Structures are given as structure tokens and as C-alpha cells.
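In what follows, a structure is listed as C-alpha cells, so that the remarks can point back to it.
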Amino acid sequence: NKKGKLFVVVGNQTFSSAIFNTVDFMDNTNATIIGEKTGGKPNHYGYTKTFLLPYSGIKVTYSSEFYKLTEGNENTIIPDIIIEQTYQNFKNGVDPIFEYIKNQ
60 NKKGKLFVVV
70 GNQTFSSAIF
80 NTVDFMDNTN
90 ATIIGEKTGG
100 KPNHYGYTKT
110 FLLPYSGIKV
120 TYSSEFYKLT
130 EGNENTIIPD
140 IIIEQTYQNF
150 KNGVDPIFEY
160 IKNQ
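This note's numbering numbers the first residue of the sequence shown as 60 and each following residue consecutively.
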């Protein structure tokens with residue numbers, strides 16, 4: 060739990076329950092958040108429920124609760140260290156976030 064030794068990797072596929080985890084790490088540890096902006100908002104609807112429409116039998120899924128994890132109304136969580144994946148790195152099999160953490 061030392062700054063510069065504990066990392067939480069986030070990106071544009073970080074949303075829903077992963078947002079809860081990220082905010083918990085931000086609030087309760089000395090973790091460094093690293094990667095790309097999250098795909099989900101810190102304050103968001105969740106806890107999905109489902110029901111079947113009676114005549115068509117189509118399954119409907121909906122979010123039933125609003126979670127306010129931060130005081131603001133941010134559209135994303137911005138990492139402490141922004142490292143974006145490039146096509147060139149992807150093509151060459153290089154993970155710049157892993158490389159950064161490995162060198163710390």
C-alpha cells in the first residue's frame with residue numbers, strides 16, 4: 060500500500076462494478092490509478108433486474124439503483140498517470156502500462 064508500488068489499471072472498458080473497485084482503491088489506499096479514462100461514470104445506475112414481457116416473452120433488463128460514489132458529476136475517472144494504447148504498440152505486442160509498472 061505504498062505510493063508507487065500499488066497500481067490500479069483502468070481503461071475505456073472500466074465501468075459498472077469495476078468503477079466501484081476503482082473508487083474504493085482511490086479512497087482507501089495509496090494506489091496509483093494508471094491507464095486510460097474509464098468508460099463509466101463514478102456516479103451511475105446499476106444493480107440490474109430483469110422481467111419478461113407477458114405476451115412476447117422478451118427479457119427486459121434494467122438498472123434499478125443510483126450509486127453516488129463521488130461528490131461531482133464527472134463523466135469518467137481520469138487516471139493519475141495517463142498511458143494510452145497505440146495501434147503500433149498493439150501491433151507489436153507491447154503493453155505500455157505493464158512496461159511502465161514493471162520499471163517502477
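Glycine included, C-beta positions come from ideal geometry on N, C-alpha and C. All values reported here derive from a predicted model rather than from experimental measurement.
Among the options, the one whose alpha carbon lies nearest that of residue i
| i | options | result |
| --- | --- | --- |
| Glu-133 | Ile-117, Phe-125, Asn-102 and Glu-143 | Asn-102 |
| Lys-93 | Gly-131, Thr-107, Gly-63 and Leu-112 | With the sequence shown as reference, residue 93 is identified as Ile, and Lys is not the correct amino acid for it. When only C-alpha atoms are compared, the closest one is Gly-63. |
| Gly-131 | Lys-100, Thr-109, Phe-74 and Thr-88 | Lys-100 |
| Tyr-159 | Glu-143, Thr-135 and Tyr-104 | Glu-143 |
| Glu-95 | Lys-161, Met-85, Pro-155 and Leu-111 | Pro-155 |
| Lys-108 | Gln-147, Glu-124 and Thr-73 | Glu-124 |
Residues sharing a beta bridge with residue i, DSSP
| i | result |
| --- | --- |
| Ser-122 | Thr-107 |
| Phe-66 | Thr-91 |
| Ile-140 | Ile-93 |
For residue i, three-class secondary structure by DSSP
| i | result |
| --- | --- |
| Phe-74 | coil |
| Ile-160 | helix |
| Thr-97 | coil |
| Thr-91 | strand |
| Val-153 | coil |
| Asn-102 | coil |
| Thr-81 | helix |
| Tyr-114 | coil |
| Asn-148 | helix |
Buried/exposed call for residue i, threshold 16 Cβ in 10 Å
| i | result |
| --- | --- |
| Val-119 | exposed |
| Val-153 | exposed |
| Phe-66 | buried |
| Ile-137 | exposed |
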